[in-house]
Amino acid sequence: MSKFNPEFVTVQEAVKRGYGSRAALMKWVKANAVRNYLDDETRRRMVCAEDCEARVDARRLREPAPMTEDEILDRLAKSIASKAPALSAEGRAKLAELLR
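When we follow the numbering used here, the leftmost residue of the sequence shown carries the number 1028, and every step to the right adds one.
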């Protein structure tokens, strides 16, 4: 659709297209994050498909890249190590025994 004549679809159709859940779409409507209007004849909420696509694209850009299991374990290990207090030799031995 053109900039001057955007495509509007029902919330139900927007959900079918995979833009998000009904709750998410209605949240966007309430926040005026997508152009929308209430169709007087059908009494259905209509949302701009282009705006929904833009929201989905923005959400995809914020997603982290997929990580391998080794990367996840390394990240968790570093996080735990940075939060743990310094352990004595006895404490390290107990921790090593727990992790076996």
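Glycine included, each C-beta is placed from N, C-alpha and C at the ideal position.
Write down the C-beta distance between residue i and residue j rounded to the nearest angstrom, noting that I regard them as a contact closer than 8 Å.
i     : j     : result
T1053 : V1036 : First, the residue type needs correcting, since residue 1053 is Met and not Thr in the sequence shown. That belief does not hold up - the Cβ atoms of M1053 and V1036 are roughly 14 Å apart, past 8 Å.
L1135 : L1122 : No answer is possible for residue 1135: the residues shown for the chain start at 1028 and end at 1127.
Measure the CB-CB distance between residue i and residue j and report whether it falls below 9 Å.
i     : j     : result
R1086 : A1060 : no
L1055 : G1047 : In the sequence as displayed, the identity of residue 1055 is Trp instead of Leu. Contact flag set, yes.
R1062 : V1074 : yes
P1112 : D1078 : no
A1076 : A1041 : yes
Ordered along the chain, which non-local residues of its own chain (more than five positions away) have a Cβ less than 6 Å from that of residue i?
i     : result
D1066 : M1073
Closer than 7 Å by C-beta to residue i: which residues in its own chain qualify, once you throw out the five before and the five after it? Chain order, please.
i     : result
R1049 : V1038, V1042
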